[in-house]
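Numbering (the UniProt record's numbering), first residue to last: 1 to 225.
Where is the CB? At the ideal position from N, CA and C, for every residue including glycine.
So, in structure tokens, the structure goes:
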């Protein structure tokens, strides 16, 4: 295991929630890794060669082999270091449900945040309402599929779905400050409660980007559009 851990390299960037996901998983598993910070406006030839299809970060390199896409990387970490703590529960049905809601979040909810960020006035109001409706579906689905339990933690340890959701949604206050609008309100109390619980997780707190630094980056991006 020590030999394997010495050969783990993560290519990423500090503001990307997708890179945060991978860092969370590596830290949770206690895997030593080298971090290579990429400038997304001037990506290195090495990082581009490691992910020639999407040309994005994160990319995990393990013993010279590259793995791209954050959800795929999480699965690889779970299978490659099959030790406790586990990201996913043992039950295959529960694992399938967690993967389903992780995909729902990435495919439905994440794009809605970007729509809000790039819109104004009435269009933004509608986009925020659309987000609330998507979150409602998420809330209802989680409560139905995981009654009486938190699917964001595997026992008392941060789990797969907690990593996927928390790495992105726990930054909601930075987006609020940057655009001057409340994105996640009391219209979605369960989701807000879940996110605040994830924010209180020590591993999440130490890995998320600094709030003021992220607000500054998002504000600068808004001004440039």
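Can you look up residue i in the DSSP assignment and give me helix, strand or coil?
| i | result |
| --- | --- |
| residue 35 | strand |
| residue 55 | coil |
| residue 11 | strand |
| residue 191 | helix |
| residue 40 | coil |
Label residue i either buried or exposed according to how many other C-beta atoms from any shown protein chain fall within 10 Å of its C-beta, with 16 as the threshold for buried.
| i | result |
| --- | --- |
| residue 97 | buried |
| residue 20 | buried |
| residue 114 | exposed |
| residue 167 | buried |
If we ignore side chains and look at the alpha-carbon of each, how far apart do residue i and residue j end up?
| i | j | result |
| --- | --- | --- |
| residue 56 | residue 208 | 19 Å |
| residue 172 | residue 93 | 30 Å |
| residue 3 | residue 29 | Confidence at residue 3 is low in this model, with a pLDDT of 45, below 50, so its placement is unreliable and the value that follows should be read with caution. Their Cα atoms are separated by approximately 15 Å. |
| residue 221 | residue 38 | 18 Å |
| residue 164 | residue 71 | 8 Å |
| residue 77 | residue 26 | 7 Å |
| residue 17 | residue 160 | 14 Å |
| residue 123 | residue 183 | 14 Å |
| residue 129 | residue 101 | 20 Å |
| residue 204 | residue 126 | 31 Å |
With a threshold of 8 Å between beta carbons, is residue i in contact with chain C?
| i | result |
| --- | --- |
| residue 57 | The structure shown contains no chain C; it is built from a single protein chain. |
(message) List, from N- to C-terminal side, the beta strand (DSSP E) runs of 3 residues or more that fit wholly inside the segment 44-90.
(response) 59-62, 65-68
(request) Report the residue ranges of all alpha helix (DSSP H) runs contained in full by the UniProt domain "GST C-terminal" (91-225); include only those spanning at least 4 residues, in chain order. (result) 92-104, 110-117, 121-145, 160-169, 172-179, 189-199, 202-207, 211-224
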